[in-house]
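Structure record follows, encoded as C-alpha cells.
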Amino acid sequence: MTEPAVYFAERREAVHVLRRGDRTTAEVGRYLGMGRSTHHGGDARYEYDRGVRADAAELSASDREHLAALRGPWPAEVAARDVLSALAADLADRARPMGWSLLTVSLRVYDQRIVAGVPGGLRPDRRRFCTANLEATVAADGRPLRVRRDSAIADPAGLPALAGGLFDRLPGDLAEAAALPERTLPDGVRPVVFDPGACAIVFHELCGHPLEADVVASRQSYLAPLLGKPVAPGWLTVLDDPLSANASFGYRVDDEGVEASPVPLIRDGAVGEIMHSRSTAAVAGTVANGHGRRMSYLYPAIPRQAHTRVLPGPNTSGEVAGAPGEAVRVGRLRVRYVHLTTGEFGLHAPQALLLRDGVPVARLGEVHLFGRGLDALREVEAVAADPAAWIGGGGCGKLNQGPLIVGFEQPAVRIGGLRTVSAGEVAG
Numbered sequence: 001m002t003e004p005a006v007y008f009a010e011r012r013e014a015v016h017v018l019r020r021g022d023r024t025t026a027e028v029g030r031y032l033g034m035g036r037s038t039h040h041g042g043d044a045r046y047e048y049d050r051g052v053r054a055d056a057a058e059l060s061a062s063d064r065e066h067l068a069a070l071r072g073p074w075p076a077e078v079a080a081r082d083v084l085s086a087l088a089a090d091l092a093d094r095a096r097p098m099g100w101s102l103l104t105v106s107l108r109v110y111d112q113r114i115v116a117g118v119p120g121g122l123r124p125d126r127r128r129f130c131t132a133n134l135e136a137t138v139a140a141d142g143r144p145l146r147v148r149r150d151s152a153i154a155d156p157a158g159l160p161a162l163a164g165g166l167f168d169r170l171p172g173d174l175a176e177a178a179a180l181p182e183r184t185l186p187d188g189v190r191p192v193v194f195d196p197g198a199c200a201i202v203f204h205e206l207c208g209h210p211l212e213a214d215v216v217a218s219r220q221s222y223l224a225p226l227l228g229k230p231v232a233p234g235w236l237t238v239l240d241d242p243l244s245a246n247a248s249f250g251y252r253v254d255d256e257g258v259e260a261s262p263v264p265l266i267r268d269g270a271v272g273e274i275m276h277s278r279s280t281a282a283v284a285g286t287v288a289n290g291h292g293r294r295m296s297y298l299y300p301a302i303p304r305q306a307h308t309r310v311l312p313g314p315n316t317s318g319e320v321a322g323a324p325g326e327a328v329r330v331g332r333l334r335v336r337y338v339h340l341t342t343g344e345f346g347l348h349a350p351q352a353l354l355l356r357d358g359v360p361v362a363r364l365g366e367v368h369l370f371g372r373g374l375d376a377l378r379e380v381e382a383v384a385a386d387p388a389a390w391i392g393g394g395g396c397g398k399l400n401q402g403p404l405i406v407g408f409e410q411p412a413v414r415i416g417g418l419r420t421v422s423a424g425e426v427a428g
C-alpha cells in the first residue's frame, strides 16, 4: 500500500549573542529547504532539497502559495545581531559597579516558518521565541559563587525588558546565597524539592521518552506495559502539550502537518497515551496526534516530545518546600543517564540548597540525584499550583537528531526517597 507523500519545508533564522566579561561573540544561522518522505509498504524513502520548490504536479494551488511564501525576505526583527550585542553590552555596563567577578549574558532569538503536510493539505505554522540567560559570579569564602537566572518570551520586542528584569534579581539572589554556608552532602536518601519551570525535565525523561511510539515499538520502554495502570498519586497529571498557553515554544501543527494536541503521559496518576508521528500511527493502526518532529528539513520526522507540562497540584509552594527534616532543593538539572528499559536514572544539579524544615540552611554546590522511574513517580509527595515555563537551552537529542528545541512547564514538586550526594562524594 502506497501512502501519500509528506512534505516539510522551512525557513529558519537563529541569532545567538554571548557576552562573557568584555568579550562578545555572535552567531547567525539561516536555513531554507524542504524534504519529502514516501512510504511504499515497508519501504520508506526521504529526500530533500536545499531550497524550496513548488513545482511538483501533486501539489495544489494552495500548497504552492504556502511554499512560495517561504521564499520572501528574511524577517527583519530576527536579523538582530547588533541589537542583541548592544543589549548585552548595556547589561555588562550595569554590572561594573556591582563588584562581581564576572557576568555572562546569553541572548537568543529564533524564528522558524514551516509548511508541512500531504499534497492538497499543506499547512503553514510559525514558531518564534527569545531567551535570556544571565549568570553572575562573585567570590564567597575564596571560592566562586554563581547565580544564574533565565527566562523566555515569544515576542523579540519584549527581550530587553525580560533581560533587564532578570538582571535586577541577581544582586538579591547573590546576597541571599552568599549568606549561607557551603556544605558537602553525604550520600543518602532524602526528599528533593524541584523548583518550577526547568525541573520538568525530570518528567520529560521519566514519562516522555518512554512513551514515544518508536521507543514503545522497540519494546525498550519501562512504561509501555503499564498503559492505563496507576503509577503515581491520583492528583498527578503530566502532558506533552505543544498548545500550552504558557509555552514560549509551541506549535499549531507538527512537522508533518498534523494538528497539535496535548497527549497525557500520566493522567490522574495512571500511565496515559503514546506520542505518534504519521508513520508510527499507521503501523499501530491509530491516528497521529501531532508529535511528528524533526531537527530540520534534512531529516525525516520521528515521534518527539515538544513541551512537557505538569499540571498544578493540590499543594501550596510552602507545603512543597516545607517537608519536615532535611531536603534538597534544586532549580536546574542536567541528565547524566536514563535507562528506558528499567527507568533507572542519574541527574546532575549544578547548584542546590539544603533545606531543614523548609528553610535554606546551606549551599551544596553540585549534587547528583539517582533513582528509578517507577519509584520516583510513586514517591511524588506534593505538587504546587505555581507553574512556570522554560525552554531547554541544550535541546533534546534522539537518533542523531539533536539538539531539538523542547519546552518544560511545572509547579514546584517534591519527590521523596531519592538518593542524593555531592558530586565529589559519589561512591558508585
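UniProt numbering applies: residue 1 is where the sequence shown begins, and numbers increase by one.
Glycine included, C-beta positions come from ideal geometry on N, C-alpha and C.
Query: Three-state class that DSSP yields for Ser279 in the structure shown; Result: helix
Query: Contact set for Trp74: own chain, Cβ-Cβ below 7 Å, skip 5 residues either direction; Result: Glu13 and Arg30
Query: Counterpart residues of Glu65 in DSSP-defined beta bridges; Result: Answer by DSSP bridge pairing: none, since Glu65 is not bridged.
Query: DSSP state of Gly29 mapped onto helix, strand, coil; Result: strand
Query: Straight-line Cα distance separating Arg45 from Cys207; Result: 30 Å
Query: Simplified DSSP state of Asp111, which is helix, strand or coil; Result: strand
Query: Sheet register partners of Cys130 (DSSP bridge); Result: Val109 and Ile153
Query: Helix, strand or coil at Asp125 [DSSP, three-state]; Result: strand
Query: Spatially closest choice to Gly313 from Leu354, Pro233 and Arg94, by CA coordinates; Result: Pro233
Query: Cα-Cα separation between Leu5 and Glu47, rounded to whole angstroms; Result: Note that residue 5 is Ala in the sequence shown here, rather than Leu. Whole-angstrom Cα-Cα distance: 11 Å.
Query: Arg363 versus Arg329, Arg378 and Asp357, residue with shortest Cα-Cα distance; Result: Arg329
Query: CA-to-CA distance, Asp43 to Tyr7, given in whole angstroms; Result: 17 Å
Query: CA-to-CA distance, His339 to Ala376, given in whole angstroms; Result: 14 Å
Query: Proximity winner among Ser248, Ala385, Pro303 and Gly322, relative to Glu273 (alpha-carbon distances); Result: Pro303
Query: Nonlocal neighbours in the same chain, by C-beta distance under 6 Å from Pro160, ignoring five residues either side; Result: Leu87
Query: Member of Arg356, Glu379 and Val406 whose CA lies at the smallest distance from the CA of Asp240; Result: Val406
Query: Supposed contact pair Arg71 and Val17 - C-beta distance, whole angstroms, cut 8 Å; Result: About 27 Å separates the two Cβ atoms, so there is no contact after all.
Query: Cβ pair count under 8 Å reaching 3, the segment 253 to 272 against the segment 357 to 371; Result: no
Query: Short Cβ contact (8 Å threshold) for Leu102 with Gly21; Result: yes
Query: Contained alpha helix (DSSP H) runs [length at least 4] in the segment 292 to 331, N- to C-terminal order; Result: 317 to 321
Query: Run of the alpha helix (DSSP H) containing Gly373, from where it starts to where it stops; Result: Gly373 to Arg378
Query: Backbone CA spacing between Ala281 and Met275 [nearest angstrom]; Result: 9 Å
Query: Beta-carbon spacing of Arg108, Val15 below 8 Å; Result: yes
Query: Assumed close pair Ala198, Arg332 - CB separation to whole angstroms, cut-off 8 Å; Result: 5 Å
Query: Phe167, enclosing alpha helix (DSSP H) - first and last residue; Result: Leu159 to Ala178
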